[in-house]
Amino acid sequence: MLSEKLRELRKKCRLTQAQLAEKLSLSPSTIGMYEQGRRLPDIETLQKIAEFFGVSLEFFLTKEDNNKNNQKYFEKQKDVARIMEDLLVELENSKEIIVFNGEILNDHTKNYLKELLTIALQYGKIINEK
Numbered sequence: 783m784l785s786e787k788l789r790e791l792r793k794k795c796r797l798t799q800a801q802l803a804e805k806l807s808l809s810p811s812t813i814g815m816y817e818q819g820r821r822l823p824d825i826e827t828l829q830k831i832a833e834f835f836g837v838s839l840e841f842f843l844t845k846e847d848n849n850k851n852n853q854k855y856f857e858k859q860k861d862v863a864r865i866m867e868d869l870l871v872e873l874e875n876s877k878e879i880i881v882f883n884g885e886i887l888n889d890h891t892k893n894y895l896k897e898l899l900t901i902a903l904q905y906g907k908i909i910n911e912k
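Adding 782 to a residue's 1-based position in the sequence shown gives its number in this note's numbering.
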């Protein structure tokens with residue numbers, strides 16, 4: 783129950799066990815044991831995990847359907863990278879007039895914004911992995 787929910791949340795957030803362990807100040811083997819059901823976190827650690835993922839303690843402790851709970855959680859989560867990627871696609875493919883702060887974007891400004899978004903995405907991925 784807890785092990786499956788933890789593994790699924792970690793994977794949906796695209797984190798390795800080592801990355802999650804680092805973010806929670808735990809060892810990777812501890813995360814592995816939690817996910818395998820070979821060890822249970824103490825209440826303080828479980829609270830830290832729940833806060834990290836933005837879920838309640840109840841989420842980990844109930845027997846409700848895993849997918850149903852996770853779907854509710856991830857509908858509320860915003861993925862900035864996806865938003866930026868969608869914006870890049872919109873800037874590239876839109877046939878409609880696009881405005882920025884009330885002003886119509888010319889091609890030069892659109893291209894400049896696309897370059898900035900691309901750089902920001904690359905930089906964000908690098909920093910987020912640290």
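For every residue, glycine included, the Cβ atom is placed at its ideal position computed from N, Cα and C.
Relative to the C-alpha of residue i, which residue among the options is closest?
{"i": "A902", "options": "N875, E885, K830, I865", "result": "I865"}
{"i": "E826", "options": "G884, S807, E911", "result": "S807"}
{"i": "L784", "options": "K877, I813, G884, K896", "result": "I813"}
{"i": "E786", "options": "K845, E833, G884", "result": "K845"}
{"i": "E833", "options": "L873, T798, L791, M815", "result": "L791"}
{"i": "N883", "options": "T891, S876, A803", "result": "T891"}
{"i": "N910", "options": "D889, M815, D861", "result": "D861"}
Leaving out the 5 sequence neighbours to the left and right, which residues in its chain are closer than 8 Å to residue i when beta-carbon positions are compared?
{"i": "A863", "result": "L903, G906, K907"}
{"i": "E874", "result": "K896"}
{"i": "K805", "result": "L797, F834"}
{"i": "E872", "result": "I880"}
Determine the burial state of residue i: buried for a count of at least 16 other Cβ atoms within 10 Å of its Cβ, exposed for fewer.
{"i": "R820", "result": "exposed"}
{"i": "A800", "result": "exposed"}
{"i": "I928", "result": "Absent from the structure is residue 928, since the part of the chain shown begins at 783 and ends at 912."}
{"i": "F841", "result": "buried"}
{"i": "F835", "result": "buried"}
Per the DSSP calculation, residue i is bridged to which residue(s)?
{"i": "V881", "result": "I886"}
Between residue i and residue j, which are expected to be in contact by the criterion C-beta below 8 Å, what is the C-beta distance as a whole number of angstroms?
{"i": "L843", "j": "E817", "result": "Contact doesn't hold; Cβ gap of about 16 Å is too wide."}
{"i": "L828", "j": "L839", "result": "6 Å"}
Among the residues of its own chain, which have a CB less than 7 Å from the CB of residue i, if the five just before and after it don't count?
{"i": "L899", "result": "M866, L869, L870"}
{"i": "I886", "result": "I879"}
{"i": "A803", "result": "S809, P810, T812, I813"}
Beta-carbon within less than 6 Å of residue i's beta-carbon, same chain only, minus the 5 sequence neighbours each way: which residues are those?
{"i": "D824", "result": "none"}
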